[in-house]
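Heads up: the structure comes next, in structure tokens.
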Amino acid sequence: MDQSIDPLQTRIADALTTVLTRTGDLDAELAAIGVPGMGAPESVGGLGLGLSADTMVNLGLGRGLEPQASYRETALVLDLLAGSEVPRSRLAALLRGEQHAATVGVHTTADLRVDDSGRAWGESEHLPAGRFGLALIRAMEQHGNSGWYLVVPQESTCETESGTRLGLSTVRLRFTGAPAEALRLSEPHTRWALDAARVRQAALLLGVADRALELARTHVNQRRQFGKPLVELQTVAHELARLIGAADGWRLLLHQTAWRCDRGRAEAAEPSRLLAAASEHALACARTSLHLHGVRGMLAHSTPAAAFRVASVEATRLDTPANLWNAAGAARGDAADS
4 MDQSIDPLQT RIADALTTVL TRTGDLDAEL AAIGVPGMGA PESVGGLGLG
54 LSADTMVNLG LGRGLEPQAS YRETALVLDL LAGSEVPRSR LAALLRGEQH
104 AATVGVHTTA DLRVDDSGRA WGESEHLPAG RFGLALIRAM EQHGNSGWYL
154 VVPQESTCET ESGTRLGLST VRLRFTGAPA EALRLSEPHT RWALDAARVR
204 QAALLLGVAD RALELARTHV NQRRQFGKPL VELQTVAHEL ARLIGAADGW
254 RLLLHQTAWR CDRGRAEAAE PSRLLAAASE HALACARTSL HLHGVRGMLA
304 HSTPAAAFRV ASVEATRLDT PANLWNAAGA ARGDAADS
């Protein structure tokens, strides 16, 4: 398999870098270069470029410390709705970057139910802040099973509560009889969409890790202690060398997993394994960078502190690394038994 970055991926990365230098609305700027539509399936109005394109976008967002979690939630909803009967016209605003979509009760358990009249009640988990035009919820039904429902958040039946997690904006949606449209999503299709979400999240975290390492490397080459640059201390140099070497390996694994997922060749364990490794790597890089910067790195406005906050929140957004490793192990076991 060719592990090199193809010209299209390079152009996407360059376009993303340009977007991050601008000061306008980031969602609008991303939409101008085709995000989230470039990776979305053609059946929902996207370009169908797949994860090979999405990884470049998320690597760039991570390096820019612009997590844009609402974009990845939108991409997940578009994947989940691929092949459904939801008309493209209802998704157009998502593809233009004017609205976001969110999943509720998918990454974690949420207290949601849908009554016999098709109305949703309950409260979501903490979601990334966004302009939500659609919510795809997993809710309990009257007979005790769970089902998929599409909800259009409206002020009369959906309250929004704002909050923060380590300085990153969040919202909670409280449904009070919101009309819910039942959807039928197959288990294999759901697994495929969630695997794609894990690959995107891993790309973001590896981008955050790259930025944290860049900050640390620059600092230790400039900062002097005991009469010489910090980088000349073996404990500092060896730890950074280890993390930089690991980063190269995880980045190769990211591109390989995205390539295999796009072609339907990925094993069930691969996306969970990738995200678990990327989460642990990002946290290790962010902590090391913060430690090497000392007190200056701990100031709330410092870039190392920003990298640490983003890594801490995003490393557990879809699940904890421990749970992801368990899921990967279980998938390998199931594959061996079959």
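Using my numbering, read the sequence shown as starting at 4 and increasing by one per residue. Heads up, the beta-carbon is just placed ideally off N, CA and C, and yes, glycines get one too.
- Along the length of the stretch 79–153, whole alpha helix (DSSP H) runs at least 4 residues long occupy 95–98, reported in chain order.
- A285 counts as buried, since no fewer than 16 other beta carbons sit within 10 angstroms of its beta carbon.
- In the structure shown, G180 falls within a strand segment according to DSSP collapsed to helix, strand and coil.
- For S165, the enclosing beta strand (DSSP E) starts and ends at C161 to R168.
- For V174, the beta-bridge partners assigned by DSSP are L130 and S165.
- DSSP places L29 in the uninterrupted alpha helix (DSSP H) bounded by L29 to A35.
- Between R134 and H110 a beta carbon distance of about 20 Å is seen, past the 8 Å cut, so the two are scored as non-contacting.
- Going by DSSP, L236 is part of no alpha helix (DSSP H) at all; its letter is neither H nor E.
- Measuring C-alpha to C-alpha distances from L62 to each of E76, A123, E101 and T20 identifies T20 as the nearest.
- In the pairwise beta carbon analysis, the stretch 179–199 is classified as touching the stretch 73–85: at least three pairs are separated by under 8 Å.
- The Cβ atoms of L209 and W253 lie closer than 8 Å to each other.
- Taken atom to atom, the span from the alpha-carbon of V22 to that of L33 is near 7 Å.
- Pairing P191 with E273, the inter-Cα distance amounts to about 15 Å.
- Of the candidates S46, M59 and D28, M59 places its Cα closest to the Cα of T13.
- Between the alpha carbons of A181 and A269 lies a distance of about 38 Å.
- Around the beta-carbon of F229, fewer than 16 other beta-carbon atoms lie within 10 Å, marking it exposed.
- DSSP links A185 through a beta bridge to Y152.
- If the five residues before and after R75 are omitted, its C-beta is found closer than 6 Å to the C-beta atoms of R203, all from its own chain and listed in chain order.
- Taken atom to atom, the span from the alpha-carbon of R320 to that of A113 is near 14 Å.
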